[in-house]
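The structure appears right after this line, and notes come after that.
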Amino acid sequence: MVDCLFCGIVAGTVPAFKVVDTPDGIGFLDIRPVFKGHVLVVPRPHVPELTALDPDLLPGFFTLVQRVAAAVPAATGAKGTFVAMNNIVSQSVPHLHAHVVPRTKGDGLRGFFWPRHKYDSDDEAATYASAIAGALG
9 MVDCLFCGIV AGTVPAFKVV DTPDGIGFLD IRPVFKGHVL VVPRPHVPEL
59 TALDPDLLPG FFTLVQRVAA AVPAATGAKG TFVAMNNIVS QSVPHLHAHV
109 VPRTKGDGLR GFFWPRHKYD SDDEAATYAS AIAGALG
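If you want my numbering, it's the 1-based position in the sequence shown plus 8.
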């Protein structure tokens, strides 16, 4: 889709700190992360929401989300992850995406009021992206 930011990232015309790029989807750092290492995982085709995802694509897409959910703690030192997905309401980009957020007990995340923690620089973001990509293997 021409006007979709995430389709631009998938196509490579919009820059992003990619952590994984597979036939099933792409994972990249959220530019407004809840915590540093927060990854968005998107399917390659433009799909506005989960209910529109072709059932044949579900296994590959969710396997990729699962792999990223394992890699984020390994790369960031977090104790776990929070995996979330909005559908239409609160979806800032109308392209299906799963949030994989690093979590540690006492990190301050409460319900759906997500604090945001910006990267200090592009170099810091690239370091996180590289570490997560390395943990993915």
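Quick reminder that beta carbons are idealized off the backbone N, C-alpha and C, glycines included. What you are looking at is a predicted structure, and each value in this text was computed from that prediction instead of being measured.
task = Confirm, please, whether the CB-CB distance from His103 to Phe36 is below 7 Å.
result = Taking the first residue of the sequence shown as position 1, residue 36 is located at position 28. Taking the first residue of the sequence shown as position 1, residue 103 is located at position 95. No, these two residues do not count as a Cβ contact at 7 Å.
message = Applying the 10 Å Cβ sphere with the 16-neighbour rule, what's the burial state of Pro51?
response = As a first step, residue 51 must be located in the sequence shown, where it is residue number 43. Pro51 comes out buried.
query = Sorted by chain position, which residues of the same chain lie with C-beta nearer than 7 Å to Ala77's C-beta, five sequence neighbours on each side aside?
reply = Position 69 of the sequence shown, counted from the start, is the residue given in the question as residue 77. Here the set comprises Thr89, Val91 and Val108.
message = Please tell me whether Ala83 and Ile140 are closer than 7 Å, where the distance is taken between their beta carbons.
response = As a position in the sequence shown, residue 83 is number 75, starting the count at 1. As a position in the sequence shown, residue 140 is number 132, starting the count at 1. Yes. Within cutoff.
query = Excluding five sequence neighbours on each side, which residues of the same chain lie with their C-beta closer than 8 Å to the C-beta of Lys113?
reply = Here residue 113 refers to the residue found at position 105 when the sequence shown is read from its first residue. Counting only Cβ-Cβ distances below 8 Å, and skipping sequence neighbours, we find Lys87.
ask   = Secondary structure at Pro110, three-state DSSP: helix, strand or coil?
value = Position 102 of the sequence shown, counted from the first residue, corresponds to residue 110. Assigned with DSSP and collapsed to three states, Pro110 falls in strand.
request  = Taking all protein chains shown into account, decide if Asp38 is buried (16 or more other Cβ within 10 angstroms of its Cβ) or exposed.
outcome  = Walking along the sequence shown from the start, residue 38 turns up at place 30. Counting C-beta atoms within 10 angstroms of its own C-beta, Asp38 has 16 or more neighbours from the protein chains shown and is therefore classed as buried.
query = How about Lys26 and His125: are their beta carbons less than 7 Å apart?
reply = Here residue 26 is taken as the residue at index 18 of the sequence shown, counted from 1. Here residue 125 is taken as the residue at index 117 of the sequence shown, counted from 1. Not closer than 7 Å, so no.
For His46 and Val55, the rounded distance between their alpha carbons = To locate residue 55, count along the sequence shown from 1; it is residue 47. To locate residue 46, count along the sequence shown from 1; it is residue 38. Approximately 21 Å between the Cα atoms of the pair.
message = Once the 5 residues before and after Asp32 are set aside, which same chain residues still bring their CB inside 6 Å of it?
response = By 1-based counting over the sequence shown, the position of residue 32 is 24. Within the same chain, Asp32 has close Cβ partners Gly68, Phe69 and Leu72.
task = Could I get the ranges of all uninterrupted alpha helix (DSSP H) runs contained in the segment 50 to 133, with 4 residues as the minimum, in chain order?
result = 66 to 84
DSSP state of Phe14 mapped onto helix, strand, coil = Residue mapping note: residue 14 aligns to position 6 of the sequence shown, counting from 1. Phe14: helix per DSSP, three-state reduction.
message = Using C-beta distances below 8 Å, list every residue in its chain close to Gly16, excluding the 5 sequence neighbours before and after it, in chain order.
response = One-based indexing of the sequence shown puts residue 16 at position 8. Hits under 8 Å: Val22.
message = Residues in the same chain with beta-carbon distance under 7 Å from Val80, minus the five sequence neighbours each way, listed in chain order, please.
response = Mapped onto the sequence shown, residue 80 falls at position 72. Excluding its 5 nearest sequence neighbours in each direction, Val80 has C-beta neighbours in its own chain below 7 Å: Gly45, Val47, Ala86, Thr89, Val108, Pro110 and Ile140, listed in chain order.
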